[in-house]
Amino acid sequence: MKKNIVIFIIVAVALCIFPFVASTYLVDVVFFFGIYTLLGLSLNIILGEVGLFDLGHAAFYAVGAYTTAILNTRLGIPIFVLLPISGIAAAAFAWLVCSPIIHLRGDYLCIVTIGMGEIVRIALLNDPGGLTGGPNGVFGIERPILGGPLVIESSIAFYFLIWIIVGLSIFALVRLQNSRIGRAWNCIREDEVAAEATGIDVRSLKLLCFILGAGLAGIAGNVYASKMMCVSPESFTFMDSCMYFCIVLLGGSGSIPGTIIGAGAISLFPEIFRSLAKYRMLFFGVAMVAMMYFRPGGLWPRKRGGLGSK
Amino acid sequence: MSLKKDNKIREPSQKYKQKKDVILETQKLTKKFGGLIAVNNFDLKVKQGEISTLIGPNGAGKTTVFNVVTGIYPADGGKVIFKGENLNGYKPHEIAAKGIARTFQNIRLFSKMTCLENVMSGQHCRCSAGIWSSIFKTSKQREEERKIREIAESRLKQVGLWEYRDMLAKNIPYGSQRMLEIARALATNPDLLIFDEPSSGLNEEESDNLMKFLRTLLKEGLPILLIEHDMNVVMGISDWITVMDEGKKIAEGPPKDIYNNPLVIEAYLGKEEE
Amino acid sequence: MLTFVQQLINGLTIGSFYALIALGYSLVYGIMKLINFAHGDLFALGCYVGYTLLVWVSASLTSLFGIWGCLAVGMIVAAIGVGGAGILMERVAYRPIYPAGRLPAVVSALGVSIFLENFIMVVWGPRYLAYHSSFIPAGYWQIGSFRITVLQVVILVLSFILMGVLYYIIEKTTFGAAIRAAAFDRDTAKLMGIDINKIIFFVFSVGPALGGATGVMVGMYYRQISFTMGWVYGLRAFTATIMGGIGNIPGAMIGGIILGILEMLGAGYISAAWKDVFVFVVLIAVLIFRPTGLIGEKKAEKV
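Chains as they are written, first to last, in this note's numbering: chain A, 1 to 310; chain B, 1001 to 1274; chain C, 2001 to 2303.
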């Protein structure tokens, strides 16, 4: 535990210094590293802690992003106010959509989440009621205004915004892991029937993890929308959901440091191999297979134990 | 049916002769799977302060009775009454919260969690801390966590698995895994324990220890309902035996009555050749 | 707006494609419990192999075999090629990962899928390619208000023959029983003396081979092929498999056909843009009311 705190502090300090010494391009790259981390953490609640196959996670991200986009451009609601609202919108969406299907087992749930992701994407593409702007999406999204002259505009500002949110999320998620709810989630992942028989309300907790995971993804959507100032359906495809899935599994499912590393690998890999141009995705595919062969538990698997008195 | 030479058949204790409270009762319980009637108008009574055992040949429907009682399957007919309340329509986790704790025929542990965490899960239904109190570690939540740890540790020590507390459940020996499941059931602060073939897979010594352990639980005031195949265990610790065959009750009574009951022998071994 | 019968015919044709791909998918899925995301990309590989063959040798082929011969040769070559790719894929990317569990296998499958898709893009280019009309059979019959092309008839006949043969193998032969046994309980099957390696070989060669042959048919039917087809068809195959019920091989075929018909009806009566949404909504509705698929799973969990 002490070791983890030391590592955390070192990383935090490095993260603070980094944007002032690196180019704007690199700062942006690490910004997206932060977005991927937040998305990975949000999916980790569902896939890592509870073990539910969610391959439609991009839908929650999209709901958050588009909620911000539409409410800001049409009703002029400030971005910062929309931060929690986007999270709540995505969470409510998850509650609505998952309630009827939460009892489905394993792979049946998987295909339904894929379906849900596709339905959201296609709905965004088809521009129902002229709301979503079709394939071009919604543009003209503002920047977050903290108050008076304090506007989040530069790459550095966005960088700190996302990483502060990530930091707060990690804090909350670690607390949850070590609580009755976090343990119950893990029990459900291990053996649903036994969990239910031991007094754990499996259905409610499964729904809860979706709601929480979606909410966090929705918040990521808000930050993404105001950084890019426009959103379009092509950022929220099945492939993207697969990427988040890989982040959690490559890092180590149920492991918060693992998810962060996984997000780093996924967002930094294309940068490192940029010179290889069209061959880099080939290497990416090979790398994924190789990773599963050499470290199937993930780059930083979850460690358990040390709870009892000595 | 033969017993080990030095095993005694339990003499009905004086206490049994007095009228005792019925804590669990099934009335004309019926459960069908498609065309198969697994449980057929089955009546069962479990009394306070007793170890009741349900026996019968394979496929008699014993585990199905357990599964209906604990809410995993809905009953197709009849009632399950626990502490005077009809359990119909309640989900398994609600029934566990009401005070019935069970173990499974094929041990169902949370294999990649530590033994202590396994037992701690038992206290989940006795606490109420939600997301926000967990994230902000309110004083109520911290108090609950302390209590969960305390109860789990004491139960783990009670079954003798304290040394395994930080080991993953899948890595401990088979016999210990059985005891771990029992510890988890105990951690729910139950009013009734239901064990499905707890001695299955145990050797003689482990079976004996289990028997002794179950009797200490009884002293704690916990009635126990068992499914068992091992006749040494059954005859040695039961206060009351109910015999099941093809979904129906064919006999019941104290061990002495069951031991020589021709119906029971026939159900297990088939009719003797003339 | 096409008539109902026309929709049905088109739906049946597309449905047969989905059914054939879903068959291969379900074979692997049943045995290995592996969601083989790369299966769709193998099908796409079939489209491209067929294309390449026909482009290279079209002149000599047409004179030797005639147009129908082209189709046949294309399908056979694609089947063999893609079947071989399937075996290679299993050896290199899946076999080493099995011991690690299900989730690593899924990630590995995703990795193979990404690799295959980009491999196709690198080799054949990112733009659409088209099967040239000179080797696509023309001709149709007009019956009342609907028309059915000769190609459609041939495709339907071929597909049903292939499905029938596979159904027969799986349901009626001893080897098929072994496959079903292994899908039901792998370890016990091994203990009973069933040679799992033979089954794996069959499943990973025949499944992809079917997909490859279907690729050529799809190429002929739609003419345009692109390296992104793999994802789309792979997803359809997964959907069909689940709709029919996990591990249920005839169920996957039926699921595929129903999927095709639903898609066409959705496109015709709702709108082309929303047809996929319609299909998924139906799928979700099916699962809500029958949580183990239309036909149902063959396995029950013992508590």
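Glycine is no exception: its CB is placed at the ideal position from the N, C-alpha and C atoms. Please read these numbers as outputs of a predicted model, since none were measured by experiment.
- Met2089 (chain C) carries a helical assignment under DSSP once its states are collapsed to helix, strand and coil.
- Judged by beta-carbon spacing, Thr1114 (chain B) lies within the 8 Å limit of Met1167 (chain B), meaning their Cβ atoms are closer than that value.
- Straight across, the Cα-Cα distance linking Glu234 (chain A) with Glu118 (chain A) is about 11 Å.
- Taken through DSSP and simplified to helix, strand or coil, Ser1052 (chain B) comes out as strand.
- Comparing alpha carbon positions, the residue from A:Lys2, A:Gly34 and A:Ser42 closest to Leu15 (chain A) is A:Gly34.
- Taking the CA atoms as reference points, Ser169 (chain A) sits about 33 Å from Arg1108 (chain B).
- When Cβ-Cβ separations below 8 Å define contact, Ile1131 (chain B) makes contact with chain A.
- Each residue's CA atom was taken as its position, placing Leu131 (chain A) and Leu71 (chain A) some 10 Å apart.
- Between Thr1070 (chain B) and Ile1095 (chain B) a beta carbon distance of about 6 Å is seen, short of the 8 Å cut, so the two are scored as contacting.
- When DSSP states are grouped into helix, strand and coil, Ile145 (chain A) belongs to the strand group.
- Per DSSP, Asn1203 (chain B) is not a residue of any beta strand (DSSP E), being assigned neither H nor E.
- Put simply, of B:Glu1206, B:Glu1228, B:Ile1148 and B:Lys1140 the residue whose alpha carbon is nearest the alpha carbon of Asn1189 (chain B) is B:Ile1148.
- Contact fails between the segment 2046-2058 of chain C and the segment 2283-2292 of chain C, because fewer than three Cβ pairs, one in each stretch, are under 8 Å apart.
- Secondary structure of Glu1197 (chain B) (DSSP, three-state): coil.
- Taking the Cβ atoms as the reference, Ser1121 (chain B) lies roughly 11 Å from Ala1169 (chain B), outside the contact range of under 8 Å.
- For Asn126 (chain A), the enclosing alpha helix (DSSP H) stretches over residues Gly106 to Asn126.
- Asn2036 (chain C) is outside the set of residues whose beta carbon lies under 8 Å from a beta carbon in chain A.
- When only Cα atoms are considered, Ser204 (chain A) and Leu1087 (chain B) end up about 20 Å apart.
- When the beta-carbon positions are compared, Ala1101 (chain B) and Gln1123 (chain B) stay at least 8 Å from each other.
- Annotation: Ile2155 (chain C) to Val2028 (chain C) spans about 24 Å, alpha carbon to alpha carbon.
- When Cβ pairs closer than 8 Å are counted between the two stretches, the segment 183-197 of chain A is seen not to touch the segment 36-44 of chain A, the count staying below three.
- Tyr2233 (chain C): not part of any beta strand (DSSP E); member of the alpha helix (DSSP H) spanning Met2229 to Gly2244, first to last residue.
- The three-state reading of DSSP puts Val1022 (chain B) in strand, counting E and B together.
- In the structure shown, Thr1114 (chain B) falls within a strand segment according to DSSP collapsed to helix, strand and coil.
- With contacts defined as CB atoms closer than 8 Å, Ile2097 (chain C) and Ser2113 (chain C) fail to qualify as a contacting pair.
- Gly1049 (chain B) has its alpha-carbon roughly 17 Å from the corresponding atom of Ile1227 (chain B).
- Neighbours of Gly2111 (chain C) across chain A, judged by C-beta separation under 9 Å: Cys246, Phe284, Gly285, Val286, Ala287, Met288, Val289, Ala290, Met291 and Met292.
- Taking Pro1223 (chain B) as reference, the option from B:Ser1133, B:Glu1252, B:Leu1192 and B:Leu1044 with the minimal CA-CA separation is B:Leu1192.
- Around the C-beta of Arg1215 (chain B), fewer than 16 other C-beta atoms lie within 10 Å, and the residue is accordingly described as exposed.
- According to DSSP, Glu1150 (chain B) shares a beta bridge with no other residue.
- Interface annotation for the segment 1111-1126 of chain B against chain A: Ser1111, Lys1112, Met1113, Thr1114, Leu1116, Glu1117, Met1120, Ser1121, Gly1122, His1124 and Cys1125, criterion Cβ-Cβ distance under 7 Å.
- Taking 8 Å as the threshold, the shortest C-beta distance from Val50 (chain A) to chain B does not fall below it.
- DSSP, reduced to helix, strand and coil, places Phe1213 (chain B) within a helical segment of the structure shown.
- Leaving aside the five residues that flank Gly2212 (chain C) on each side, the residues in its chain whose CB is nearer than 6 Å to its CB run, in chain order, Gly2046, Ala2078, Ala2079 and Val2082.
- Taking a contact to require three or more Cβ pairs closer than 8 Å, the segment 78-88 of chain A and the segment 280-289 of chain A do not qualify as touching.
- Counting along the chain, Met2253 (chain C) sits inside the alpha helix (DSSP H) bounded by residues Ile2249 to Leu2265.
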